[in-house]
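Engineer:
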Amino acid sequence: MGIVNASDKSNHKKLDYRIADQDTGSDPEYYSFMSSTDYWYILKIGVSAGTYRYVSGTTDYSDAWTNRASHTYVHWGVAF
Numbered sequence: 119m120g121i122v123n124a125s126d127k128s129n130h131k132k133l134d135y136r137i138a139d140q141d142t143g144s145d146p147e148y149y150s151f152m153s154s155t156d157y158w159y160i161l162k163i164g165v166s167a168g169t170y171r172y173v174s175g176t177t178d179y180s181d182a183w184t185n186r187a188s189h190t191y192v193h194w195g196v197a198f
């Protein structure tokens, strides 16, 4: 899967993202965002815990979204 490695992180900060998908039917909630260059990230919101965590990548968005519950989510500064 195309999870971002450290050398790719600076590119993510420079891109414009648009919302792609959302899953708000339970806690946690998930929102995904994509750039025009196919970079993506998924935001996981722990509603009851009040947490916001991220995973980001550069390829395989469809697989990443399908398997969103199994990723390791981290703070914004770590994901980007």
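Residue numbering for the sequence shown follows the numbering used here, starting at 119 and increasing by one per position. The beta-carbon is built from N, C-alpha and C at its ideal position, and this holds for glycine as well.
1) Val192 by DSSP, collapsed to three states: which one?
2) Does the Cβ of Val173 have 16 or more other Cβ atoms within 10 Å, making it buried, or fewer, making it exposed?
3) Leaving out five residues on either side along the sequence, give the residues of the same chain with a beta carbon under 7 Å from the beta carbon of Met119.
4) Pick from Asp134, Gly143, Asp156: whose alpha carbon is nearest that of Ile163?
5) Can you tell me which residues form a DSSP beta bridge with Val173?
Structural biologist: In brief:
1) For the purposes of this step, residue 192 is taken as residue 74 along the sequence shown, with counting starting at 1. The answer is strand: DSSP assigns Val192 an E or B state.
2) In the sequence shown, counting from the first residue as 1, residue 173 sits at position 55. Buried, by the Cβ-count rule.
3) Within the sequence shown, residue 119 is the residue found at index 1, counting from 1. Note that Met119 scores 47 on pLDDT, short of 50, meaning its location in the model is unreliable; the coordinates nonetheless yield the value given after this. Gly175, Asp178, Asp181, Ala182.
4) Position 45 of the sequence shown, counted from the start, is the residue given in the question as residue 163. For Ile163, the nearest C-alpha among the options comes from Gly143.
5) Within the sequence shown, residue 173 is the residue found at index 55, counting from 1. Paired residues: Ile160.
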